[in-house]
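Chains as they are written, first to last, in our numbering: chain G, 102 to 344; chain E, 102 to 344.
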C-alpha cells in the first residue's frame with residue numbers, strides 16, 4: 102500500500118493511495134489514532150472513488166460517526182485504464198438493447214463478470230487498510246447501490262468481516278445466489294420507479310437475502326433519485342450495527 | 102368534551118375524556134401551555150386506546166418531540182359497547198374463512214364498514230382537542246397500522262389538517278380508492294411475512310398513495326412483529342414533517 106497524497110477537505114483528512122494497481126482513497130477523523138469502524142463504499146457505474154455522492158456520504162460517516170471510510174476505483178473506472186473486453190461488452194449490450202433485448206439481464210451479466218475481479222480486490226483493500234494504526238481491526242460495513250450493489254452482494258457474501266451493509270438499486274438476476282449467503286443486517290434501497298432495475302427484480306433480491314434483520318426502504322422516483330433523508334437513515338443504521 | 106381524570110404516568114400527563122359517547126385519552130408534555138403538533142393514533146383490531154404499544158409510542162412522541170397525542174376507542178373496542186352487527190359479521194367471516202374463503206377481502210370489507218363511523222368521529226376529536234390551550238391548532242399527524250391503517254387511510258384522505266401519516270400492515274382491497282386521494286408524506290410499514298395481509302396487497306396500497314413523498318419500510322416477520330427500530334424512524338419522520 103503506497104500513499105500518494107494527504108490532504109484535508111472540509112476538516113476531513115483524505116489520503117489517496119494505491120494498492121498494487123488499485124487506486125483508492127481513505128477518509129478518517131481529524132487526529133484519529135485508534136481502532137474504529139471502517140465502511141467500504143462501492144461507487145456506481147461510470148462513476149469513481151471520489152464521485153460527489155461518495156464524498157458527501159464519506160464526510161458524514163467520518164464527522165458524525167467517527168468511522169474510517171475507504172473507496173477504490175472499480176476496474177475501468179476513475180483512474181484505472183480502460184478494459185477492452187468491458188468496452189466490447191458495453192458496445193454489444195447497447196446494440197442488443199437497441200434491437201429490443203431487456204436491459205436488466207445484460208446489466209446483471211456484466212456486474213457478475215466485474216465482481217469476479219472486485220471481490221478479491223476489495224478484500225485485499227480491507228487487509229491493507231485495517232493494518233493502519235488510525236483504522237485498525239474494527240467492525241466493517243459496506244455501502245453500495247446500483248453497480249455498488251451488483252458488486253457488493255458477492256463481496257458481502259464472501260467477506261466475514263462485514264457486519265452490516267447498505268445495498269440497493271439492484272436486482273435478483275445479478276446476485277440472488279450470493280444474496281442467499283448474506284446473514285448480516287442489511288438496509289436495502291429501492292426506487293419505486295427505477296427505469297433500470299424492474300421493481301419485481303429489486304423485491305426478489307431483498308427477498309433472497311438470508312439476513313434475519315433486513316429492512317427495505319422504497320421511495321418514489323427513478324434510479325438516481327434516492328431522497329436525501331435516506332442518508333440520515335443510513336447513518337443511524339451503521340451507528341447501530343458498527344458503533 | 103368532558104374530562105374524566107387527569108393523572109401522570111412516567112412523567113407524562115394523561116387526561117381521559119369522553120366526546121359524546123367516544124372515550125379518549127390525551128397525552129401532553131408536562132407543563133404544556135402553548136400550541137403544538139398533535140398526533141392522532143389509531144389502535145389495532147381487538148385493542149384499545151391505551152394498548153401497551155399505543156402508550157409506549159405516545160410517551161416517546163410527547164417526551165422526545167413535545168407533541169400532544171390523542172387516541173380514542175374504535176367502536177366496539179375498549180370502553181365502548183359491543184355492536185351486534187359487528188359481532189355477527191365477525192362470526193360470519195370466521196365461518197367463511199373456515200370454509201376456505203380468503204381472509205384479506207373479509208378484513209377489508211369490515212374495515213371499510215367501521216371507517217364510515219370512525220372518520221367523522223376522529224374529525225370531531227380533532228375539532229375538540231385543538232380547542233384546548235395546551236394543544237391548539239398546530240400541525241396534525243396520524244399514526245395507525247393494521248385496523249389503524251384500514252381506518253386511517255380514509256381518515257387521512259378526508260382530513261386536510263393531517264400533514265403526515267404513518268400507515269401500514271394494510272392492503273389495497275380496503276382502501277386503495279381513498280389512498281389515491283392522499284397527498285401528504287407517508288411512511289408505510291410492511292411486514293414481509295404478514296400472514297393477514299398478502300404482500301402484493303400491501304405493495305399495491307403503497308403504490309396507490311398519491312403522495313409525492315412516500316417511503317415504504319419492509320421488514321421480515323409476521324403481522325405483529327414490526328421491529329423496535331421502526332419507532333425511531335417514526336419519531337424522525339414526524340419530527341421532520343410536524344416539528
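The beta-carbon is built from N, C-alpha and C at its ideal position, and this holds for glycine as well.
Top-ranked residue by Cα proximity to residue i, from the options
i	options	result
residue 339 of chain E	E/319, E/163, E/122	E/163
residue 124 of chain E	E/330, E/291, E/318, E/229	E/229
residue 296 of chain G	G/270, G/278, G/277, G/280	G/270
residue 267 of chain G	G/142, G/223, G/189, G/109	G/142
residue 209 of chain E	E/102, E/320, E/279, E/165	E/279
residue 330 of chain G	E/341, E/226, E/254	E/341
residue 67 of chain G	G/140, G/103, G/116, G/115	Look at the range of chain G in this structure, 102 to 344, and you will see that residue 67 of chain G is not part of it.
residue 227 of chain E	E/173, E/104, E/245, E/185	E/173
residue 156 of chain E	E/317, E/146, E/147, E/170	E/170
residue 113 of chain E	E/119, E/168, E/334, E/254	E/168
residue 245 of chain E	E/217, E/202, E/232, E/154	E/154
residue 122 of chain G	G/201, G/179, G/110	G/179
residue 238 of chain E	E/255, E/262, E/257	E/262
residue 222 of chain E	E/236, E/260, E/310	E/260
residue 111 of chain G	G/145, G/274, G/159	G/159
residue 326 of chain E	E/293, E/241, E/207, E/218	E/293
residue 133 of chain G	G/242, G/241, G/233, G/328	G/233
residue 219 of chain G	G/202, G/200, G/254, G/310	G/254
residue 243 of chain G	G/321, G/235, G/256, G/107	G/256
residue 321 of chain E	E/300, E/118, E/236	E/300
residue 120 of chain G	G/224, G/203, G/236, G/258	G/224
residue 217 of chain G	G/165, G/258, G/328	G/258
residue 333 of chain G	G/161, G/181, G/200, G/323	G/161
residue 181 of chain G	G/323, G/236, G/166, G/118	G/118
residue 204 of chain G	G/107, G/108, G/312, G/302	G/302
residue 102 of chain E	E/231, E/109, E/166, E/324	E/231
residue 337 of chain E	E/108, E/165, E/107	E/165
Classification of residue i by the beta-carbon crowding that lies within 10 angstroms, buried from 16 upward
i	result
residue 176 of chain G	buried
residue 380 of chain E	Not covered by the structure: residue 380 of chain E. The range shown for chain E is 102 to 344.
residue 135 of chain G	exposed
residue 291 of chain G	buried
residue 104 of chain G	exposed
residue 138 of chain G	buried
residue 335 of chain E	buried
residue 298 of chain G	buried
residue 241 of chain E	buried
residue 215 of chain G	buried
residue 145 of chain G	buried
residue 273 of chain E	buried
residue 275 of chain G	buried
residue 236 of chain G	buried
residue 115 of chain G	buried
The ligand SAH heavy atom lying under 7 Å from the CB of residue i
i	result
residue 229 of chain G	What this structure holds is no ligand at all, so the ligand SAH is not there to describe.
Listed by chain order, chain E residues near residue i by CB distance under 9 Å
i	result
residue 303 of chain G	Here the premise fails: no neighbours, minimum Cβ distance about 11 Å.
What are the residues in the segment 241–266 of chain E lying within 7 Å of chain G by C-beta distance? The residues in question: there are none.
With a cut-off of 8 Å, do at least 3 Cβ pairs link the segment 121–135 of chain G to the segment 190–202 of chain G? With a cut-off of 8 Å, the segment 190–202 of chain G and the segment 121–135 of chain G do not count as touching, because too few Cβ pairs lie within range.
Of all the residues that make up the segment 180–204 of chain E, which are near chain G by a beta-carbon distance shorter than 7 Å? So nothing in the stretch comes that close.
Could you please tell me which residues of the segment 312–325 of chain G, in chain order, have their CB closer than 9 Å to any CB of chain E? Within the segment 312–325 of chain G, the residues whose Cβ lies closer than 9 Å to some Cβ of chain E are 312, 313, 314, 315, 316, 317, 318, 319, 320, 321, listed in chain order.
Between the segment 175–190 of chain G and the segment 206–220 of chain G, do three or more beta carbon pairs fall short of 8 Å? By the Cβ rule, the segment 175–190 of chain G counts as touching the segment 206–220 of chain G, because three or more pairs are nearer than 8 Å.
Output needed in chain order: residues of the segment 333–344 of chain E with a Cβ under 8 Å from some Cβ in chain G. Considering only beta carbons, the part of the segment 333–344 of chain E lying closer than 8 Å to chain G consists of 333, 334, 337, 341, in chain order.
Between the segment 250–258 of chain E and the segment 147–161 of chain E, are three or more C-beta pairs nearer than 8 Å? Between the segment 250–258 of chain E and the segment 147–161 of chain E there are fewer than three C-beta pairs closer than 8 Å, too few to call the two in contact.
Using a Cβ distance threshold of 8 Å, determine whether the segment 306–323 of chain E contacts the segment 280–287 of chain E, with at least three qualifying pairs required. Contact holds: three or more Cβ-Cβ distances are below 8 Å.
Are the segment 284–291 of chain G and the segment 313–324 of chain G touching by the rule of at least three beta carbon pairs closer than 8 Å? Counting C-beta pairs closer than 8 Å gives three or more between the segment 284–291 of chain G and the segment 313–324 of chain G, which meets the contact rule.
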